[in-house]
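In the numbering used here, the protein residues as written are 453 to 1034.
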């Protein structure tokens, strides 16, 4: 009797035990070049563990699994841990989302974990792995700026150089791209990286130009250029040597940053600024050219307004010509022939206007003015085009056309005399229908008497379904078996996810048919239970062989043909056992 009482107490204690599933991290703030350990810890033997996607991190190692169980003072404790080692791939606030497990038909999830990733931090190295020579290795990323106090719209260049010495560079990738807020910018293509000799802080070393950018500040005041950060693969010489006496190199990764740069942009002077100034900065020529000056009425001509030279060619607008009313001018066609180099933009921009004369006569297009700020002279300059005379040789005179038009305006057609009188009207009834006594009134009145019995019946049916714990568990396991079998079919081209999903499908099939838990799934127990349920011995052995094959195939090479064969075999075996088990 005492033995049964103790067993009852342990069972009751297990029923009252609360499922705990949480995520723990080694640190909540780390540098871009540091690593993070995260453990997903549960106090029950949960199934179907689903890891988060770890957005913002790359998985360096894991998952590794640990299981421990102990008895202390008559109490049992269980713990299962899934561990990962992560490396951040960007700065900022990163959230590790929820992981999930299933236990007794319920899904449990961890809380999201917020991690702050800062700039790279200095790290101590193993003394045996420090480079040998007169000094430590040099690896620095520098942003060289041509001018730190330019005028508004004056071009400046940023050249990113990687200096290195006593170190081998095997590759790099961008962790953070530079941001040029309030700058117009364009990258200059580098066809091939070339190693050159130079000096950094008085020390001879090598350097590579990684990036060239031309900038035009669009705002005066202090502007910040966000830094470029790189993750660089390196090879470092150590104090150890191999059996042939050569130094042993170790592979490592270093994160370097060019640092933020501040540019103090001067506004353009207000003294002497022309009223028609549109923002052109540099050195330009300005010309206005007609395609012809003698035309017939209705015949078009082209008027080209162009500016050429060096400066912020894409960042200002050309002046618009003013023509007499007798000349009909259409919207321009804009054309650019500009090249961009470290010296800035140079080339030609133009607006081509099509002009069509309407009347005979001579018409004058007034001179046009183009103003720009000359950087070399430090002052504004204005170029004025020549006056252009257009001679229209034939067609109606403008005075005759105006008199004909005004006479036409005074004539009112007969059809328009009574146009303001409406010939059709729309009548709206003024009678109003009361809501009381209407069909909607009676429908809403009797609706509760019809809906309440339906709600009561549905509630009782739901309570009956919820009370069937064993039936619900079987339904859940059947559903999971179908879900993971479907997932395995989707992963036919991915070996490891395929065999994981296939193994889960087979385990959940056994749970549904044999009413067992994961801890009871030994091969002998499965064979004994299946045979006791009248299953064919050949089908039972095939099922166990396929289960073993799933465990082995996850770590062994497999072709797409063998994966397809395993999937077809699993479908066939599950179908056979479905028919055989009683």
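Ideal placement from N, C-alpha and C gives every residue a C-beta, glycine not left out.
At least 7 Å separates the beta-carbon of residue 757 from that of residue 767. Residue pairing by DSSP places residue 639 opposite 665 in a beta bridge. Residue pairing for residue 657: DSSP places it in a beta bridge opposite 650. Under the DSSP assignment, residue 951 falls in the alpha helix (DSSP H) whose first and last residues are 947 to 966.
In chain order, 674, 676 place their CB closer than 6 Å to the CB of residue 714, counting only its own chain and leaving out the 5 sequence neighbours on each side. It is roughly 40 Å from the alpha-carbon of residue 683 to the alpha-carbon of residue 731. Put simply, of 1020, 962, 665, 512 the residue whose alpha carbon is nearest the alpha carbon of residue 1033 is 962. Proximity to residue 489 across 513, 596, 502, 503 peaks at 513, based on C-alpha coordinates.
Counting C-beta atoms within 10 angstroms of its own C-beta, residue 765 has 16 or more neighbours from the protein chains shown and is therefore classed as buried.
Inter-residue distance for residue 641 and residue 652 is about 25 Å (C-alpha atoms, whole angstroms). In this structure, residue 636 places its C-beta atom within 7 Å of the C-beta atom of residue 668. Under the three-state reduction of DSSP output, residue 998 falls in the helix class. At the C-beta level, residue 844 and residue 818 stay beyond 7 Å of one another. When DSSP states are grouped into helix, strand and coil, residue 532 belongs to the strand group. Rounded to the nearest angstrom, the gap between the Cα atoms of residue 1001 and residue 546 is 39 Å. Rounded to the nearest angstrom, the gap between the Cα atoms of residue 619 and residue 703 is 10 Å.
The residue from 888, 736, 907 with its alpha-carbon nearest to that of residue 821 is 736.
Excluding sequence positions up to five before and after residue 728, its CB lies within less than 7 Å of the CB of 771, 821, 823, all in the same chain and listed in chain order. Counted as a single uninterrupted DSSP element, the alpha helix (DSSP H) harbouring residue 979 occupies residues 975 to 984. In the DSSP annotation of this structure, residue 881 is not part of any beta strand (DSSP E), being labelled neither H nor E. In terms of Cβ geometry, residue 471 and residue 560 form a close pair [threshold 7 Å]. Between the stretch 784 to 796 and the stretch 825 to 845 there are fewer than three inter-stretch CB-CB distances shorter than 8 Å, so the stretches are not counted as touching. Under the DSSP definition of a beta bridge, residue 590 partners with 617. By the C-beta density criterion, residue 786 is exposed, having fewer than 16 other C-beta atoms within 10 angstroms. Two segments are said to touch when three or more pairs of C-beta atoms, one from each, lie closer than 8 Å; by this definition the stretch 485 to 505 does not touch the stretch 943 to 953. Between residue 719 and the set 739, 678, 602, 661, the nearest pair of CA atoms involves 602. Put simply, of 810, 788, 543 the residue whose alpha carbon is nearest the alpha carbon of residue 801 is 788.
Within its own chain, the residues whose Cβ lies closer than 6 Å to the Cβ of residue 966, once the five positions on either side in sequence are excluded, are 981, listed in chain order. Distance from the CA of residue 687 to the CA of residue 621, rounded to the nearest whole angstrom, comes to 6 Å.
Here residue 781 is near residue 805, since their CB atoms are less than 7 Å apart.
Taking the Cα positions, residue 1020 is about 11 Å away from residue 1027. Every beta strand (DSSP E) of 3 residues or more that sits fully in the stretch 781 to 821 is shown, in chain order, as 785 to 793, 796 to 809, 813 to 817. In chain order, 484, 541, 542, 681, 682, 683, 707 place their CB closer than 7 Å to the CB of residue 627, counting only its own chain and leaving out the 5 sequence neighbours on each side. The C-beta distance from residue 974 to residue 1025 rounds to 19 Å, too long to fall under 8 Å, and the pair is not in contact.
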